[in-house]
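Written out below as structure tokens is the structure these notes cover.
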Amino acid sequence: MNPSIAIGMIGYKFMGKAHSNAYRQINQFFDLPLRTRLKTIAGRDGPKTQKMAERWGWEESTTDWRRVIDDPAIRIVDICSPNNTHYEIALAALAAGKIVACEKPLAMNVAQAREMAAAARAAGNINTVWFNYRRVPAIAFARQLIDEGRIGRVFHFRALYLQDWTLDPSVPLIWRLDKEVAGSGVTGDLHSHLVDLSNYLAGEITSVSGVSRIFVPERDLPDGGKAHVEIEDASIFLAQYAGGAIGHFEATRFANGRKNGNTFEINGEHGSLYFNLEDMSRLWYFDSREPKHIQGWREISVWEEVHPYMKHWWVPGCAIGYEHTFGNQAADLIQAVADDRPMKPDFDDGLRCQLVLDAVLKSCDSQRWVDVETMEG
Ligand code: SOE
Numbered sequence: 261m262n263p264s265i266a267i268g269m270i271g272y273k274f275m276g277k278a279h280s281n282a283y284r285q286i287n288q289f290f291d292l293p294l295r296t297r298l299k300t301i302a303g304r305d306g307p308k309t310q311k312m313a314e315r316w317g318w319e320e321s322t323t324d325w326r327r328v329i330d331d332p333a334i335r336i337v338d339i340c341s342p343n344n345t346h347y348e349i350a351l352a353a354l355a356a357g358k359i360v361a362c363e364k365p366l367a368m369n370v371a372q373a374r375e376m377a378a379a380a381r382a383a384g385n386i387n388t389v390w391f392n393y394r395r396v397p398a399i400a401f402a403r404q405l406i407d408e409g410r411i412g413r414v415f416h417f418r419a420l421y422l423q424d425w426t427l428d429p430s431v432p433l434i435w436r437l438d439k440e441v442a443g444s445g446v447t448g449d450l451h452s453h454l455v456d457l458s459n460y461l462a463g464e465i466t467s468v469s470g471v472s473r474i475f476v477p478e479r480d481l482p483d484g485g486k487a488h489v490e491i492e493d494a495s496i497f498l499a500q501y502a503g504g505a506i507g508h509f510e511a512t513r514f515a516n517g518r519k520n521g522n523t524f525e526i527n528g529e530h531g532s533l534y535f536n537l538e539d540m541s542r543l544w545y546f547d548s549r550e551p552k553h554i555q556g557w558r559e560i561s562v563w564e565e566v567h568p569y570m571k572h573w574w575v576p577g578c579a580i581g582y583e584h585t586f587g588n589q590a591a592d593l594i595q596a597v598a599d600d601r602p603m604k605p606d607f608d609d610g611l612r613c614q615l616v617l618d619a620v621l622k623s624c625d626s627q628r629w630v631d632v633e634t635m636e637g
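Note that my numbering has the sequence shown beginning at 261, numbered continuously upward.
Take a look at the structure:
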């Protein structure tokens with residue numbers, strides 16, 4: 261039997277489930293040299309964390325995240341607690357020599373992200389940010405087509421992330437709507453995904469111009485009383501790229517009827533690509549080098565063995581879903597650990613994303629174009 265690698269996870273809610281499920285599934289589907297051992301899960305609410313541990317097969321639970329860091333048996337520290345905890349936990353885990361897998365957005369702001377990326381570089385440990393959409397097979401396939409030169413120079417990146425779950429004013433001010441905890445609204449939560457995909461597929465953004473709105477200015481607090489909402493419900497920005505492309509990004513939780521509508525289109529000199537997460541087995545490709553009379557958008561079902569990740573799951577035509585994007589990333593992480601090689605996206609990619617997010621927030625505040633800081637600062 262292959263040796264095991266012990267994981268400690270901090271956080272137990274939505275992403276806690278997504279990550280636990282991934283760690284539990286991957287050894288059955290991927291031929292990995294290490295077996296994941298779900299050792300300790302930490303959360304602030306003791307009984308709920310304990311229940312989570314029992315349900316998902318964690319060996320033990322704790323309310324003290326430092327126990328995860330201090331445990332010499334644990335090699336991977338997975339951080340999926342709210343955004344304002346990432347910085348302290350990640351720095352402690354890196355200092356303890358752990359491999360760190362942190363949920364997005366990496367940090368609350370650029371200052372924190374810079375420190376975290378620098379600490380990761382200095383520690384030299386494998387580190388990654390859970391930008392799981394890079395592991396949607398159709399998106400990894402889009403990257404492959406770009407690398408093959410199929411769309412050529414990129415002119416446009418156009419991306420939307422549309423949800424509607426806060427449209428109802430009776431939704432209370434949970435942590436994702438609390439500036440102290442989340443740092444920002446749709447910018448950190450949804451634009452972070454789009455910006456990472458843009459970094460992955462279209463290149464470096466150098467300046468942005470944005471506008472944002474708070475549509476419901478006051479909400480109930482979960483424990484009673486009311487509070488002003490300080491995070492943006494919706495945000496739209498334009499982007500200029502180092503390579504000359506221009507982009508348009510929209511993220512909102514007020515797109516009535518849209519649940520997890522993450523779409524992008526890339527237009528290049530030889531063709532275009534289009535993707536929609538709500539139909540995630542498909543990638544749309546237009547090739548303008550084909551003879552005119554047969555040109556048209558081609559709908560590629562990304563579920564053949566030749567497509568990224570698909571040979572690990574079911575037979576062609578048996579689609580995979582949201583949860584498998586986490587499985588794909590977890591499997592890549594375990595393989596990277598076994599091979600002792602770096603994992604992407606890493607904390608530098610988290611910082612790269614944060615640089616754009618902070619520029620967007622500044623631009624929305626100042627109503628001006630804002631230059632994105634460079635990685636060097
Ligand atoms: C927000 O509703 C959210 O849960 C994001 O935080 C996740 O990153 C995204 O995958 C789904 O939507």
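Think of the CB as a built atom: it goes at the ideal place given N, C-alpha and C, for glycine as much as any other residue.
Just so it is clear, the structure is predicted and the values come from calculations on it, not from any experiment.
Margin query: Rounding to the nearest angstrom, what Cα-Cα distance links Thr-300 and Met-570 in this structure?
Written below: 30 Å
- Using the beta-carbon count (16 or more within 10 Å), is Arg-558 buried or exposed? exposed
request  = Could you say which of Val-370, Val-414, Gly-463, Val-431 lies nearest to Asp-493 if we only look at CA atoms?
outcome  = Val-431
- Task: Verify the contact flag: Asn-527, CB atom, against every heavy atom of the ligand SOE, threshold strictly below 7 Å.
- Result: no
Margin query: So, with DSSP's three-state summary, where would you put Tyr-272?
Written below: coil
Margin query: Quick check: Leu-294 and Ser-264, are their CB atoms within less than 8 Å of each other?
Written below: yes
query: Under a three-way DSSP split, which group does Phe-415 fall into?
result: strand
Chain-order list of residues whose beta-carbon lies under 7 Å from that of Ser-250 (same chain, five-residue window excluded) | Past the edges of the chain, shown from 261 to 637, lies residue 250, and the structure says nothing about it.
- Own chain, CB closer than 8 Å to Gly-577, minus 5 neighbours either side, in chain order: Ser-561, Trp-563
Would you say His-346 and Ile-339 are within 8 Å of each other, going by their C-beta atoms?
yes
Sorted by chain position, which residues of the same chain lie with C-beta nearer than 8 Å to Ser-639's C-beta, five sequence neighbours on each side aside? One cannot answer for residue 639 here, as it falls past the ends of the chain, which runs 261 to 637.
**Study point:** Arg-436 in three-state terms, based on DSSP
**Key:** helix
Review point. Using CA coordinates, which residue listed in Leu-420, Ala-378, Asn-262 is at the minimum distance from Leu-537?
Key: Leu-420
Cβ of Asp-449 versus every heavy atom of the ligand SOE: is any distance shorter than 7 Å? yes
#### Entry: Own chain residues within Cβ distance below 7 Å of Asn-588, not counting five before or after
Arg-395, Tyr-569
### Task
Give every residue of the same chain whose Cβ lies closer than 6 Å to the Cβ of Gly-504, excluding the five residues on either side of it in the sequence, and list them in chain order.
none
Between Ala-402 and the rest of its own chain, which residues show a CB-CB distance below 7 Å, the 5 nearest in sequence each way excluded? Leu-461, Leu-533, Phe-535, Leu-543
Discussion item. Taking 8 Å as the threshold (C-beta atoms), are Met-368 and Gly-443 in contact?
Written reply: yes
Using a 10 Å radius around the Cβ and a threshold of 16 neighbouring Cβ atoms, would you call Val-575 buried or exposed?
exposed
_Span of the alpha helix (DSSP H) around Gln-589_ = 582-599
- [ ] For Phe-401, name the three-state secondary structure that DSSP assigns.
- [x] helix
So Thr-388 is in the beta strand (DSSP E); what residue range does that whole segment cover?
387-389
| query | Could you give the C-beta distance for Leu-611 and Ala-373, rounded to a whole number, given that I count them as a contact under 8 Å? | reply | 4 Å
Could you tell me which whole beta strand (DSSP E) segments of length 3 or greater appear in the region 464-516? 465-473, 478-480, 486-488, 494-501, 506-512
Exercise. Would the beta-carbon of Asn-387 be found less than 7 Å away from any heavy atom of the ligand SOE?
Worked result: no
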